[in-house]
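J.: Let me give you the structure first, and then I'll get to my questions.
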Ligand code: HEC
């Protein structure tokens, strides 16, 4: 090999190593089946899945939230199994002329309409194409409007809120879910 070829090979080798080091997560997610934020489809049949928690009252946000978990995921909890998908419906609530929520006879909020749908799914190597401090294990996120149209790929705000939930595999309200599951609710 001539000196020039050796030099070229060295430069190319260094360039290849350099590109890996410069951007460790840019190429993550290219493996078959790996999902990153915004790449999860809205499951067509989620409303027939097991309930994770239903009728969550969020007067602070003027919302009611219903969460479903697929049968594969329901068998697990912190850590949730690969193949788990969770879907959360965000419903707006009825308000009075003063803008405050109108409560029913039991003091509960009342659904007005489906405003958004949030999805998270877990699989091997999923959700790594973000900065390390925004990683939540191997969860990836997606969000949709009430008609099922994607709200875009950026899930950094989702991640910002779910990152601190690391003791429950980055999932919210796990103790409530486990208690309901054990009591057969
Ligand atoms: C302000 C903090 C916050 C943000 C931002 C946020 N979440 Fe959550 N998420 C929660 C909380 C808290 C719950 C539990 C339900 C509740 O209490 O309202 C939850 C529940 C969920 C659930 C049901 C599973 C679980 O963890 O209980 C999914 C799915 C979900 N979020 C996805 C998303 C997606 C997708 C986004 C971004 C589009 C997002 N979240 C943004 C706090 C947040």
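In our numbering, the protein residues as written are 8 to 192. Note that beta-carbon positions come from the ideal geometry of N, C-alpha and C, so glycine has one too.
Quick test of the definition: if touching needs 3 or more C-beta pairs under 8 angstroms, does the region 133-141 touch the region 104-115?
T.: The answer is no - the region 104-115 does not touch the region 133-141, with fewer than three Cβ pairs under 8 angstroms.
J.: Just to confirm before moving on: does the CB-CB distance between residue 128 and residue 175 stay below 8 angstroms?
T.: No; because the gap between Cβ atoms is not below 8 angstroms, this pair is not in contact.
J.: Could you give the DSSP three-state label for residue 147: helix, strand or coil?
T.: In the structure shown, residue 147 sits in a strand (DSSP, three-state: E or B).
J.: Under the criterion of a Cβ to heavy atom distance below 7 angstroms, does residue 148 qualify as lining the ligand HEC?
T.: Result yes, Cβ under 7 angstroms from the ligand HEC.
J.: Within the present structure, is the beta-carbon of residue 164 separated from the nearest heavy atom of the ligand HEC by less than 7 angstroms?
T.: The answer is yes for residue 164.
J.: Does the Cβ-Cβ distance between residue 62 and residue 52 come in under 8 angstroms?
T.: No, Cβ-Cβ distance for residue 62 and residue 52 is not below 8 angstroms.
J.: Please find out if some non-hydrogen atom of the ligand HEC comes closer than 7 angstroms to the beta-carbon of residue 71.
T.: Incorrect: residue 71 has no Cβ contact closer than 7 angstroms to the ligand HEC.
J.: Using C-beta distances below 8 angstroms, list every residue in its chain close to residue 40, excluding the 5 sequence neighbours before and after it, in chain order.
T.: Cβ within range, chain order: 130.
J.: Applying the criterion that 16 or more other CB atoms from any shown protein chain within 10 Å of the CB defines a buried residue, is residue 96 buried or exposed?
T.: When all chains shown are included, residue 96 counts as buried.
J.: Give me the Cα-Cα distance between residue 149 and residue 162, rounded to the nearest whole angstrom.
T.: Going by the C-alpha atoms only, they are around 7 angstroms apart.
J.: Which whole-angstrom value describes the C-beta separation of residue 71 and residue 118, a residue pair presumed to lie in contact below a C-beta threshold of 8 angstroms?
T.: Right, their Cβ atoms sit about 5 angstroms apart.
J.: Out of 65, 57 and 154, which has the shortest C-alpha to C-alpha gap to residue 193?
T.: Any property of residue 193 remains undetermined from this structure, which presents the chain solely from 8 to 192.
J.: How many angstroms separate the CA atom of residue 93 from the CA atom of residue 106?
T.: Roughly 31 angstroms between the two C-alpha positions.
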